[in-house]
Amino acid sequence: MGNNSNFESRKPPVATTGILGWCRQHLFSNWINSFVTLLVIYFLYQLIPWFLDWSVFSADFWINYNGELIVDRTFCSRVADPEGDHGACWAIIIVRFYQFMYGFYPSEQVWRVNLTYILLVVALLPLLIEKIPGRKHLIKFTIAFPIIAFILLYGGFGFQIIPTNKWGGLLVTLVLGVFGIAIAFPLGILLALGRRSKLPVISMFCTLFIEFIRGVPLITLLFFGMVMLPLFLPEGLNLDGLVRVLVAVTLFQAAYMAEVIRGGLQAIPRGQYEAAQSVGLSYWQMNRKIILPQAIRISIPSIVNTSIGLFKDTTLVIIIGLLDLLGIGRGALADATWMGLSNEVYVFVALVFFIFTFSMSRYSLYLEKKLKTGINMGAD
Amino acid sequence: MQNNLFQDQKFRGILYQTLVVGFFALGLYFVINTTAYNLEKRNIATGFGFLNNPAGFDISFSPFLDFKSTDTHLKVYFVGVLNTLLVSFCGCIAATILGFIVGIIRLSSNWLLSRIAYIYVEFTRNTPLLLQIILWYAILIQLPRIKQAPQIWETFYISNRGLFGPKPIFLDGSNIVILSLVLAFVISFFVARWAKKRQDTTGQQFPTFTTNLSIIVFLPLVIFFIMGSPISLEYPILKGFNFKGGAVIRPEFIAMFLALSIYTAAFISETVRSGILSVTKGQREASGALGLKKNWIMRLIIIPQALRVIVPPLTSQYLNLTKNSSLGIAVGYADLVHGFGGISLNQTGQAIECMAITMATYLLISLTISFFMNIYNRSIQFKEK
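As you go down the protein sequences, you meet chains A and B in turn.
Sequence positions in the first sequence follow this note's numbering and run 6 to 385.
Sequence positions in the second sequence follow this note's numbering and run 83 to 467.
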């Protein structure tokens, strides 16, 4: 037995539990950290109240500081009373809300757009929730959805025809995003299979196409669709402006989608191919039943990520004159009745995009986690 | 017999490929025919002769070439390429620095700091870049007018027309000073190589950083004074409604630069973060056990290994940034797409030629960046001996 009295009694370890312990560990672990924390708190103290004040407390919504209904920029508190301390004037969004959502779609027909939105949610359900009852039948609806949506939005079959130049705002953004992704997905699968094909000519064509599209900016492809496509087509065949843009956007997205799916295809072990071939499946049977279901499952998070990229890139159509959400905003700012409210408009548009893309990215993260626990891929 | 032929894989392969080539050739023939017909009907001459015609418009931002409206479309092209390269180059450097800083901050033990980095990344990644460019531009043109422009030491002026600052004037003998600066870099490169070789063979260390820094600072400085200060500065002076003299950075460029670098930095920070996380904990512990200091562990052990994971996605971010610089058209930044693919195309009507040249140039730039980044990537990858 040693003599314990030679040892000094040690202090108890610093608490790492409880609120104080957590703060000490995560905010004040040493003096540099403490200094940084205080600095950040100071900046937040400056920034957050200012922003809340600008966007909410001193802001106008539909009435100004005098209690008058705001109908144009001159009624905004900060225009009417430049001496006062006034914040944002959100009336521009409220007054033009219909345009931001639907563009110049006739208001008596707008139920068609709303119905399409509801059907879009229904079509998305079987893709988002794996264990939904009746998934097999819902998937059929999902595949048919683009055609239904086209008839509902554009017209025909007894519906009044609404030309696409009346479409605008969020409607155009969603049409470009949803149709672009929906058409690009099968195209991307074909391109990815083509690039990995053993037939040299097919693989070369697909590789050249993919690398060409990935090497040029989207805006040049949009210009291509706007100014060059009409030259390539025979006389009398005038493609609608929105369709031309959609062609460019889809080709662009297909090339990126193909690369993502190719990554998934490469991750499938060779044994799967060999096993499928040894039970006598043909090339298409093998891909449809064995390879693609696994490859797509692996690449879903990346597919969602490129889709987010496409959704953001749809804003580029304003450069060639289409009025998507950002385009409607720019249009409102160019109008003399609402000039000078650019901060409000851009913040609003950014917020709408953020809601869509952030939820998509959360969904892709959730899938990634589920895939990791679902398939045990080697170590970890 | 015929049935057997179709079941032969080789034959089917050849058949499919012949069909693909056939359809492609047919499509190409059809497109060329209709295009030729369409062009003839619209009285558009084909060919690249238009490149030598005078452009007839002005370009406000051309820092390298002097551009007048009587210059040719070919010069518009070169101005555009230089502007694209300028904003891409500056953007890539700033995005890399900011991205590395944010990526490291996201892994910081300070919860508040890493949260703020996270919020920054999510907000910039989840809103369209075009919107960010337009927003930055809208903010920049809300700055004070030239008359009320805030100044820093009567040298820099920040106004809604851009950032004004002094312009270096190169007098006789200035090229010798610049040459000495280049020479200083060359010398320091060889010093670094010699020092590394000596450390590898003998283990002796050499203060490379301080030596090279003093060479790079003092050699050109000494030459500068020997040559009798041949480089002077021209300050901007307010005359009437505008500044006379000095240099100016236009808000279009600043908006593009800020938006591109801040947007891309968010993506780079994520690759940096995952790169650092990919280095296993054992590496950190082992280097700690060897007695390396904390910042040495980061510099000598973690970063070199993380770079192997970081560089491939970094390359695609550089490519994205370069391609995204084409969005300058939204704020009137005279890059390749805006100047040559936009205004020149509209003035001459040579849609096919202008678009083909523009696309080919972007392909060339993309390939060049991939080429150099691949060389760099190979140099940092793990070499098995």
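For every residue, glycine included, the Cβ atom is placed at its ideal position computed from N, Cα and C.
Classify residue i as helix, strand or coil using the three-state DSSP reduction.
i, result
"residue 301 of chain A", "helix"
"residue 209 of chain B", "coil"
"residue 123 of chain B", "helix"
"residue 240 of chain B", "strand"
"residue 510 of chain B", "Coverage of chain B is limited to positions 83 through 467, which leaves residue 510 of chain B absent and any answer about it impossible."
"residue 351 of chain A", "helix"
"residue 252 of chain B", "strand"
"residue 321 of chain B", "strand"
"residue 88 of chain A", "coil"
"residue 17 of chain A", "coil"
"residue 154 of chain B", "strand"
"residue 373 of chain A", "helix"
"residue 415 of chain B", "coil"
"residue 381 of chain A", "Residue confidence for residue 381 of chain A is low, a pLDDT of 45 falling below 50, so the modelled location carries little weight and cannot support an answer."
"residue 33 of chain A", "coil"
Measuring CB to CB, does residue i end up less than 7 angstroms from residue j?
i, j, result
"residue 310 of chain B", "residue 249 of chain B", "no"
"residue 423 of chain B", "residue 436 of chain B", "yes"
"residue 175 of chain A", "residue 262 of chain A", "no"
"residue 316 of chain A", "residue 182 of chain A", "yes"
"residue 432 of chain B", "residue 132 of chain B", "yes"
"residue 316 of chain B", "residue 358 of chain B", "no"
"residue 265 of chain A", "residue 215 of chain A", "no"
"residue 451 of chain B", "residue 400 of chain B", "yes"
"residue 218 of chain A", "residue 260 of chain A", "yes"
"residue 230 of chain A", "residue 206 of chain A", "no"
"residue 353 of chain B", "residue 392 of chain B", "yes"
"residue 355 of chain B", "residue 188 of chain B", "yes"
"residue 300 of chain A", "residue 276 of chain A", "no"
"residue 323 of chain A", "residue 408 of chain B", "no"
According to the neighbour-count rule (16 or more other Cβ atoms, all chains shown, within 10 Å of its Cβ), is residue i buried or exposed?
i, result
"residue 155 of chain B", "buried"
"residue 336 of chain B", "buried"
"residue 232 of chain B", "exposed"
"residue 13 of chain A", "exposed"
"residue 331 of chain A", "buried"
"residue 104 of chain A", "buried"
"residue 119 of chain B", "exposed"
"residue 6 of chain A", "Here the model assigns residue 6 of chain A a pLDDT of 47, short of 50, so the residue's position is not dependable, and the following value carries that caveat. Exposed: under 16 other Cβ atoms inside 10 Å."
"residue 318 of chain B", "buried"
"residue 355 of chain A", "buried"
"residue 311 of chain A", "buried"
"residue 360 of chain B", "exposed"
"residue 138 of chain A", "exposed"
"residue 108 of chain A", "buried"
"residue 417 of chain B", "buried"
"residue 318 of chain A", "buried"
For residue i, return the contacting residues in chain B, with the cut-off set at a CB-CB distance below 8 angstroms.
i, result
"residue 224 of chain A", "408, 409, 411, 419"
"residue 42 of chain A", "192, 194, 195"
"residue 106 of chain A", "In chain order: nothing, as chain B lies at least about 18 angstroms away."
Kindly list, in the order they appear in chain A, the residues whose Cβ is closer than 9 angstroms to that of residue i.
i, result
"residue 204 of chain B", "359, 363, 366"
"residue 111 of chain B", "Near residue 111 of chain B there are no residues of chain A at all, since even the closest Cβ is about 12 angstroms away, more than 9 angstroms."
Which residues does DSSP pair with residue i in a beta bridge?
i, result
"residue 68 of chain A", "A:74"
"residue 172 of chain A", "A:108"
"residue 94 of chain A", "A:65"
"residue 468 of chain B", "Lying outside 83 to 467, the shown extent of chain B, residue 468 of chain B is not represented and no answer is given."
"residue 330 of chain B", "B:246"
"residue 315 of chain B", "B:250"
"residue 136 of chain B", "B:154"
"residue 233 of chain B", "B:239"
"residue 329 of chain A", "A:174"
"residue 164 of chain A", "A:161"
Give me the chain A residues within the contact set of residue i, using Cβ-Cβ distance strictly less than 7 angstroms, ordered along the chain.
i, result
"residue 444 of chain B", "220, 221, 222, 225"
"residue 95 of chain B", "204"
"residue 116 of chain B", "237, 238, 239"
"residue 433 of chain B", "232, 233, 236"
Whose Cβ in chain B lies nearer than 7 angstroms to the Cβ of residue i?
i, result
"residue 96 of chain A", "None at all; the shortest Cβ gap to chain B is about 19 angstroms."
"residue 355 of chain A", "209, 213"
"residue 347 of chain A", "220"
Closer than 8 angstroms by beta-carbon distance: list the chain A residues that pair up with residue i, in chain order.
i, result
"residue 98 of chain B", "204, 207"
"residue 423 of chain B", "225, 228"
"residue 380 of chain B", "Near residue 380 of chain B there are no residues of chain A at all, since even the closest Cβ is about 15 angstroms away, more than 8 angstroms."
So which residues of chain B does residue i contact, with C-beta pairs closer than 9 angstroms?
i, result
"residue 171 of chain A", "What residue 171 of chain A touches in chain B: nothing, since even the nearest Cβ is about 23 angstroms away."
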